[in-house]
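Enquirer: Can you read through this structure? Questions will come right after.
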Amino acid sequence: MLLRTILAATTAVAALLVPATAAAAAPERTTTTTAGTTAAGAATTSTTAAANANANPVIVVGGLIGVSIAYEPIAARLRADGFRVSIFQIPGLGFGDIRESARAFKTYVDQVRASTGAAKVDLVAHSEGGLVSRWYVKFLGGVDVVGRYVSLGSPQQGTYAANILKFIGLGSCAGIVACQQMSIGSDLLTALNGGDDTPGTIRWATVRTWQDELVWPIGNAALSDGANNVLIQSWCPLRLVGHLSLILDGTTYTVVRQVLTDAAVRPNCFAL
C-alpha cells in the first residue's frame, strides 16, 4: 500500500509539471531590436536546426510509471532544435522485467529506423529507461545501432530506494520485478555492469543531481569505462534539480543537446 501511494504521488507530480513546463519548451524568441543582428541569429538557428534534422533520430526513453506525455517537454525542446524525436513508454509502465522491456524496446527501435531510413538512433533515457536501453545495447544488438546515449537519473548501479522497501517490511519490492532488479546487487545489474559497462563506439554520458530523491547514493547514477558523467551541481552549485525535474530542467537539457551534437559538455547554469 505504501509503495502504491508513493507511485501514485509521483505520477501526479509528473502530470502537474508537464503543463507548467510546456511554455519553456517553445523555441526561444529574440528580443534584439537590430534587424541585421536578428536576421543573423535566425539564420544561425535555422542552420543548426537543419543540421539536427539530418542527425540520428532521437528516442526519449521513459522510466518507471513514465507515461509518454510526461516526456513531451523535453521532446518539444529537441524538436525545436530540429531533431526528429519519438517517445518510448516502457510496457506496463515499467513494473515488469527490464529484460522483457528491452526486447520491446528493440522492436520499437527497429520501427523507428524503418520509418526514418536511419542506420542509427540516439537515446535520451530517464530513470529506469537508462537500464532498459543499456540492456538493449549490451545484449540485444543495440551496440551497432546506437550512436549516442545520455541517461538522466538512471540507477546504473542500483539504488537503496529499492532496497529500503524490504527494510521497512514490504518484502522484496512488494513483488515488483523492475524494483527488485534496480536493487543494489541484483542479478540484472551484476550482468549489466559486468565487464565493459559502456561497450562499442557509442558516446556515453550520464547526468545526475544531488537532489535526486530516488537514486541513492547519487554516484550510482554514473557509469565507468570512459562515460562522461555530469553532476549538475559540480557545474552549478546552486541549481536545484530533483529526479523528475531532470526531464524538465533547462541546465540538464543543455547537456543533452551538447551530447547529441558532439559538442564539449559545458552545462549552462542559467538555462530555463
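Residue 49 in the numbering used here sits at position 34 of the sequence shown; the count goes up by one each step and never skips.
Here a beta-carbon is modelled for each residue, glycine too, at the ideal position from N, C-alpha and C.
Note that this is a predicted model, so its numbers are computed, not measured.
Name the residue from 73, 84, 148 and 93 whose alpha carbon lies nearest to the alpha carbon of residue 268.
Expert: The residue labelled residue 268 in the question sits at position 253 within the sequence shown. Answer by Cα proximity: 93.
Enquirer: Answer with buried or exposed for residue 174, where buried requires no fewer than 16 other C-beta atoms within 10 angstroms of its C-beta.
Expert: Taking the first residue of the sequence shown as 1, we reach residue 174 at position 159. Buried, by the Cβ-count rule.
Enquirer: Expressed to the nearest angstrom, what Euclidean distance is found between the alpha-carbon atoms of residue 225 and residue 282?
Expert: Indexing the sequence shown from 1 puts residue 225 at position 210. Indexing the sequence shown from 1 puts residue 282 at position 267. C-alpha separation (whole angstroms): 15 Å.
Enquirer: Going by CA-CA distance only, name the one from 170, 110 and 212 that's closest to residue 232.
Expert: Residue numbering aside, residue 232 sits at position 217 when the sequence shown is read from its first letter. Considering only alpha carbons, the answer is 170.
Enquirer: Flag this pair as yes or no: are the beta carbons of residue 247 and residue 256 separated by less than 7 Å?
Expert: Position 232 of the sequence shown, counted from the start, is the residue given in the question as residue 247. Position 241 of the sequence shown, counted from the start, is the residue given in the question as residue 256. Taking 7 Å as the Cβ cut-off, residue 247 and residue 256 qualify as a contacting pair.
Enquirer: With a CB to CB cut of under 7 Å and the five nearest residues on each side skipped, what residues in its chain are close to residue 119?
Expert: For this step, residue 119 is matched to residue 104 along the sequence shown. Result list for residue 119: 106, in chain order.
Enquirer: Leaving out five residues before and five after residue 176 in sequence, what residues of the same chain have Cβ atoms less than 6 Å from its Cβ?
Expert: As a first step, residue 176 is located in the sequence shown; it is residue number 161 there, counting from the start. The residues are 229 and 231.
Enquirer: With H, G and I counted as helix, E and B as strand and the rest as coil, what does DSSP make of residue 202?
Expert: Here residue 202 refers to the residue found at position 187 when the sequence shown is read from its first residue. If DSSP states are grouped into helix, strand and coil, residue 202 belongs with the helices.
Enquirer: Ordered along the chain, which non-local residues of its own chain (more than five positions away) have a Cβ less than 6 Å from that of residue 165?
Expert: By one-based count along the sequence shown, residue 165 stands at place 150. Contacts found: 139, 220, 271 and 274.
Enquirer: Curious, which full-length beta strand (DSSP E) runs of at least 3 residues does the stretch 116-166 contain?
Expert: Here the runs fully enclosed are 136-141.
Enquirer: Report the residue from 104, 168, 280 and 251 whose alpha carbon sits nearest the alpha carbon of residue 258.
Expert: On the sequence shown, position 243 is the one that residue 258 refers to. Answer by Cα proximity: 168.
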